[in-house]
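**Student:**
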Amino acid sequence: MTRFSLIALALSASLLSSTAFAQQPTPLLAQACAGCHGQSGEGEGAIARIAGYDREAFVKIWQEFRENSRPATIMNRIAPGYTDEEVQILADYFASIQ
Amino acid sequence: MTILTRRSFGALIGASAATLAAPSLLRANSTGRLVIIGGGCGGASAARFARINYPEVEVTLIEPYPTIITCPYGNLILGGKRTLPQITHSYDGLRARGVTVLQDRAADIDPVAKTVRLASGGDLGYDKLIVSPGIGLRWGAIEGYDEAAAQIFPHAWMGGDGSQITLLRQQLEALPEGGVVGLAIPGNPFRCPPGPYERISMIAHYLKQANPTAKILAFDAKEGFSKQGLFQDTWAELYGDMIEWIPGNQDGKIVRVDVENKLFISEFGEEHRVDVGNVIAPQYAAAIVRDTGLADESGWVPVNSRTFAAAAASDIHVIGDANIAAPLPKSGYIANSTSKTAVAAALADVTGRPAPSDPVYFNTCYSHGGAEYGFSVVGVFRPTDEGFAETPDSGGVSPRGPLSELAENRRLEASYADAWYDSITRDMFS
Chain A
4 MTRFSLIALA LSASLLSSTA FAQQPTPLLA QACAGCHGQS GEGEGAIARI AGYDREAFVK
64 IWQEFRENSR PATIMNRIAP GYTDEEVQIL ADYFASIQ
Chain B
968 MTILTRRSFG ALIGASAATL AAPSLLRANS TGRLVIIGGG CGGASAARFA RINYPEVEVT
1028 LIEPYPTIIT CPYGNLILGG KRTLPQITHS YDGLRARGVT VLQDRAADID PVAKTVRLAS
1088 GGDLGYDKLI VSPGIGLRWG AIEGYDEAAA QIFPHAWMGG DGSQITLLRQ QLEALPEGGV
1148 VGLAIPGNPF RCPPGPYERI SMIAHYLKQA NPTAKILAFD AKEGFSKQGL FQDTWAELYG
1208 DMIEWIPGNQ DGKIVRVDVE NKLFISEFGE EHRVDVGNVI APQYAAAIVR DTGLADESGW
1268 VPVNSRTFAA AAASDIHVIG DANIAAPLPK SGYIANSTSK TAVAAALADV TGRPAPSDPV
1328 YFNTCYSHGG AEYGFSVVGV FRPTDEGFAE TPDSGGVSPR GPLSELAENR RLEASYADAW
1388 YDSITRDMFS
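Okay, here's the thing in structure tokens:
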């Protein structure tokens, strides 16, 4: 590894850590998602990544789960349990994670 | 225990100065001291969540065992799908986050002085206390079933040092050809409502390969159980006539055991000889909350449904299996989910940050019925003025139907269950 790439790595590491530091805390509501989808929605094994998910798409897919019009095992049972307002909070949060 | 009234933070200084705190806890610049009793699914989740979200607060976790063996996935050891090391987790991850982990037992709580007496000696002061002590077994509730009897008929219902689940596994391996495995299953409430039935399935999964003429007799004090239809479909589809479930109204309630003669004795005096006996004994909350008066006459702890503060002491929040929170199940996921609300509510006073306004409690319990065969129950719950309620028109169980139509669904849910275990244990112990 060249000296330049080492510096670049150090810079990117510090940028990453400062970004992580600035990131708003996970809404309590979204904590439940970590049970399956990983700490920051990064996905786990066969379970989908939801970090960085497009906000509009998140809301649309949630609605499809709610109406049971999208193939699912358990999301179609979870989705009807949350209000539109709560879904917006989840969509905003997961869209905000890079 | 005296009833504790809410005190201002400033008034606590005198009490805490008199406390013999562990030296490692005497850190400068902390906003407050959160002490957590119990390093299981609830307590570990609380400690981790507190360190991440409230770094200004000192967090001390009191746990008697050096490592934690999870109850979730314990049944898979019986099925041969997991080994003990695969469900054993260290507290190093929490230590690395700055949690002070004391390998000790909480012997008593003084809610006025706000101290926890450690079994090793000394008192630990707290500003807020989270108690996640789990269950205790009601020794003697089934006549003849005490700690000595559990060495013959294991309960294997608490992780502990792993010896109980290991003993049961060894007994299954030594089962004579065509032998009988008996299970005694308690009435509600008890830890992990689908757990006994997943256990039946995993034992059958093992025996189908190792001892296919063996029988499983499941004696139940109840007439119905969690995910009943799904389990009974599974048993019929995968295990033929190996399993017989005997409900309470068909004399399924076991009231006495005779370990010397390997007998289960029912309410109406029927004697059943078993080669292996698994007694999932009736339960109540662990001793620490019963001995200190936090539990009521039921043996479980009434709590506020928004904060999990104990009815008897507002600075003590009781989470996990020990509290009264029906219809929330006594599950690891609920312990994890509610721990975060409890911490946020407890530390609002201490840090001045807002308390949770409209908490939602979330649960999914996956069960393994066989190889690549999983299903689940989902619940989304909210506090009400009276307690807790399931959110209408949500949650519920996996679809039922012939395996030929649902094989892919069952396979997916089994793989999601594995991913859930990996994800949620990271949310607890990493």
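Those sequence lines, one after another, are chains A and B. Just so you know, our numbering puts 95 at position 92 of the first sequence, and the rest follows in order with no gaps. Just so you know, our numbering puts 1348 at position 381 of the second sequence, and the rest follows in order with no gaps. In this text, a Cβ means the ideal position worked out from N, Cα and C, and glycines have one as well. Fair warning: this is a prediction, and the values are worked out from it, not measured in the lab.
State the start and end residues of the unbroken beta strand (DSSP E) segment that holds Glu1211 of chain B.
**Tutor:** Position 244 of the second sequence, counting from 1, holds the residue named residue 1211 of chain B. First-last of the beta strand (DSSP E) with Glu1211 of chain B: Ile1210 to Ile1213.
**Student:** Going by beta carbon distance, what residues of the same chain come within less than 8 angstroms of Thr921 of chain B, once the five residues before and after it are set aside?
**Tutor:** Because chain B is modelled from 968 through 1397, residue 921 of chain B falls outside the range shown and cannot be assessed.
**Student:** Measuring only the C-alpha atoms, how far is Trp1202 of chain B from Asn1376 of chain B?
**Tutor:** In the second sequence, residue 1202 of chain B corresponds to position 235, counting from 1. In the second sequence, residue 1376 of chain B corresponds to position 409, counting from 1. Cα to Cα, the separation comes out at about 17 angstroms.
**Student:** Give a yes or no on contact between the segment 1083-1098 of chain B and the segment 999-1007 of chain B, applying the rule of three or more CB pairs nearer than 8 angstroms.
**Tutor:** Touching, per the Cβ criterion.
**Student:** Scan the segment 1258-1331 of chain B and note each continuous alpha helix (DSSP H) run of 4 residues or more that stays entirely inside, going in chain order.
**Tutor:** Counting whole runs of 4 or more residues, the segment 1258-1331 of chain B contains the alpha helix (DSSP H) stretches 1299-1318.
**Student:** Under three-state DSSP, which class holds Ala23 of chain A?
**Tutor:** Numbered from its first residue, the first sequence carries residue 23 of chain A at position 20. In this predicted model, Ala23 of chain A has a pLDDT of only 39, less than 50, meaning its place in the structure is not dependable enough to derive any value.
**Student:** Is Ala1141 of chain B helix, strand or coil when you go by DSSP?
**Tutor:** Start at 1 with the first residue of the second sequence, and residue 1141 of chain B comes out as number 174. Coil.
**Student:** CB Ser1365 of chain B to CB Gly48 of chain A, shorter than 8 angstroms?
**Tutor:** Here residue 1365 of chain B refers to the residue found at position 398 when the second sequence is read from its first residue. Here residue 48 of chain A refers to the residue found at position 45 when the first sequence is read from its first residue. No, the pair does not count as a contact, with Cβ atoms beyond the cut-off.
**Student:** Go ahead and pull the three-state DSSP assignment for Ser1343 of chain B.
**Tutor:** One-based indexing of the second sequence puts residue 1343 of chain B at position 376. Ser1343 of chain B falls in the strand class under three-state DSSP.
**Student:** When the Cα of Leu1373 of chain B is compared with those of A:Ala75, A:Leu93 and A:Arg80, which residue comes out closest?
**Tutor:** Here residue 1373 of chain B refers to the residue found at position 406 when the second sequence is read from its first residue. When each option's Cα is compared against that of Leu1373 of chain B, the closest is A:Ala75.
**Student:** Compute the Euclidean distance between the alpha carbons of Ala1080 of chain B and Ala1073 of chain B, then round it to the nearest angstrom.
**Tutor:** By 1-based counting over the second sequence, the position of residue 1080 of chain B is 113. By 1-based counting over the second sequence, the position of residue 1073 of chain B is 106. If I take the Cα positions, the gap works out to 15 angstroms.
**Student:** Near Glu1144 of chain B, which residues of its chain fall below 7 angstroms by C-beta distance, leaving aside the five closest residues on each side in sequence?
**Tutor:** Locating residue 1144 of chain B in the second sequence gives position 177, counting from the first residue. Cβ within range, chain order: Asn1178 and Thr1180.
**Student:** Between the alpha carbons of Gly1346 of chain B and Asn1330 of chain B, how many angstroms are there, rounded?
**Tutor:** To locate residue 1346 of chain B, count along the second sequence from 1; it is residue 379. To locate residue 1330 of chain B, count along the second sequence from 1; it is residue 363. Answer to the nearest angstrom: the Cα atoms are 5 angstroms apart.
**Student:** Got a sec: which bits of the segment 1333-1355 of chain B sit with their beta carbon under 7 angstroms from any beta carbon on chain A, in order along the chain?
**Tutor:** Listed in sequence order: Ser1343, Val1345 and Val1347.
**Student:** When you compare only the Cα positions, how much space is there between Pro1031 of chain B and Val1243 of chain B?
**Tutor:** Residue numbering aside, residue 1031 of chain B sits at position 64 when the second sequence is read from its first letter. Residue numbering aside, residue 1243 of chain B sits at position 276 when the second sequence is read from its first letter. Roughly 30 angstroms separates the two Cα atoms.
**Student:** Could you tell me which residues DSSP puts in a beta bridge with Asp1075 of chain B?
**Tutor:** Here residue 1075 of chain B is taken as the residue at index 108 of the second sequence, counted from 1. According to DSSP, which records beta bridges pairwise, Asp1075 of chain B is partnered with B:Arg1084.
**Student:** Give the secondary structure of Gln1217 of chain B by DSSP, where H, G and I count as helix, E and B as strand, and everything else as coil.
**Tutor:** Counted from its first residue, the second sequence places residue 1217 of chain B at position 250. Gln1217 of chain B: helix per DSSP, three-state reduction.
**Student:** For Ile1221 of chain B and Ala1151 of chain B, what's the separation of their Cα atoms in angstroms?
**Tutor:** As a first step, residue 1221 of chain B is located in the second sequence; it is residue number 254 there, counting from the start. As a first step, residue 1151 of chain B is located in the second sequence; it is residue number 184 there, counting from the start. If I take the Cα positions, the gap works out to 6 angstroms.
**Student:** Under 8 angstroms: do the segment 1188-1202 of chain B and the segment 1057-1071 of chain B share three or more Cβ pairs, one atom per stretch?
**Tutor:** Output reads no: the segment 1057-1071 of chain B does not touch the segment 1188-1202 of chain B.
**Student:** With DSSP as the reference, label Gln42 of chain A as helix, strand or coil.
**Tutor:** Taking the first sequence and counting its residues from 1, the one referred to as residue 42 of chain A is at position 39. Gln42 of chain A: coil per DSSP, three-state reduction.
**Student:** According to DSSP, which residues form a beta bridge with Gln1070 of chain B?
**Tutor:** Sequence index remark: in the second sequence, residue 1070 of chain B carries index 103 (1-based). Partner(s): B:Glu1030.
**Student:** Throw me the rounded Cβ distance for the Glu1190 of chain B and Pro1214 of chain B pair, which I believe falls under 8 angstroms.
**Tutor:** Position 223 of the second sequence holds residue 1190 of chain B. Position 247 of the second sequence holds residue 1214 of chain B. So it is a contact: roughly 5 angstroms between Cβ atoms.
**Student:** Starting from the beta carbon of Tyr85 of chain A, find every residue of chain B whose beta carbon is closer than 9 angstroms, and list them in chain order.
**Tutor:** One-based indexing of the first sequence puts residue 85 of chain A at position 82. Result: Val1327, Val1347, Thr1358 and Ser1361.
**Student:** With respect to 7 angstroms, is the separation between the Cβ of Gly1010 of chain B and the closest non-hydrogen atom of the ligand PLP below this value?
**Tutor:** This structure lacks the ligand PLP, and indeed carries no ligand of any kind.
**Student:** Under 7 angstroms between beta-carbons, which chain B residues line up against Gln66 of chain A? List them in chain order, please.
**Tutor:** In the first sequence, residue 66 of chain A corresponds to position 63, counting from 1. Those within 7 angstroms of Gln66 of chain A in chain B number zero; the least Cβ separation is about 14 angstroms.
**Student:** Does Asn1245 of chain B come out as helix, strand or coil in the three-state DSSP assignment?
**Tutor:** Residue mapping note: residue 1245 of chain B aligns to position 278 of the second sequence, counting from 1. Asn1245 of chain B falls in the strand class under three-state DSSP.
**Student:** Ser1382 of chain B versus chain A: which residues are under 7 angstroms apart at the beta carbon?
**Tutor:** Against the second sequence, residue 1382 of chain B aligns to sequence position 415. Residues of chain A passing the Cβ test: Gly48 and Ala49.
**Student:** Assign Arg994 of chain B to one of three DSSP states: helix, strand, or coil.
**Tutor:** As a position in the second sequence, residue 994 of chain B is number 27, starting the count at 1. The predicted position of Arg994 of chain B is uncertain, since its pLDDT is 46 and thus under 50; a value taken from the coordinates is nonetheless stated next. The answer is coil: DSSP assigns Arg994 of chain B none of H, G, I, E or B.
**Student:** Contact criterion: CB-CB distance below 8 angstroms. Does Pro1143 of chain B meet it with respect to chain A?
**Tutor:** For this step, residue 1143 of chain B is matched to residue 176 along the second sequence. Chain A, which has no Cβ nearer than 8 angstroms to the Cβ of Pro1143 of chain B, makes this no.
**Student:** Anyone know if the C-beta pair for Asp1218 of chain B and Phe1231 of chain B falls short of 8 angstroms?
**Tutor:** Residue numbering aside, residue 1218 of chain B sits at position 251 when the second sequence is read from its first letter. Residue numbering aside, residue 1231 of chain B sits at position 264 when the second sequence is read from its first letter. No, these two residues do not count as a Cβ contact at 8 angstroms.
**Student:** As a quick exercise: from A:Gln34, A:Pro30 and A:Thr29, pick the residue whose alpha carbon is nearest that of Ser1304 of chain B.
**Tutor:** As a first step, residue 1304 of chain B must be located in the second sequence, where it is residue number 337. Measuring from the Cα of Ser1304 of chain B, the nearest candidate turns out to be A:Gln34.
**Student:** Which residue marks the beginning of the alpha helix (DSSP H) containing Ile1175 of chain B, and which one marks its end?
**Tutor:** Taking the first residue of the second sequence as position 1, residue 1175 of chain B is located at position 208. The sequence given here has Lys at residue 1175 of chain B, not Ile. Residues Gly1162 to Ala1177.
**Student:** Between Arg1018 of chain B and chain A, is the shortest Cβ-Cβ distance under 8 angstroms, so that the two count as touching?
**Tutor:** Taking the second sequence and counting its residues from 1, the one referred to as residue 1018 of chain B is at position 51. Chain A, which has no Cβ nearer than 8 angstroms to the Cβ of Arg1018 of chain B, makes this no.
**Student:** Can you tell me whether Asp1385 of chain B is buried or exposed, with buried defined as 16 or more other CB within 10 angstroms of its CB?
**Tutor:** As a first step, residue 1385 of chain B must be located in the second sequence, where it is residue number 418. So Asp1385 of chain B counts as buried.
**Student:** So Leu32 of chain A contacts chain B; which residues on that side make the cut at Cβ distance below 8 angstroms?
**Tutor:** As a first step, residue 32 of chain A must be located in the first sequence, where it is residue number 29. Near Leu32 of chain A (Cβ distances below 8 angstroms), the residues of chain B are Val1327.
**Student:** Output, in chain order, the set of chain B residues within a Cβ distance shorter than 7 angstroms of Arg80 of chain A.
**Tutor:** Residue numbering aside, residue 80 of chain A sits at position 77 when the first sequence is read from its first letter. Those are Val1345, Ser1361, Gly1362 and Gly1363, listed as they occur along chain B.
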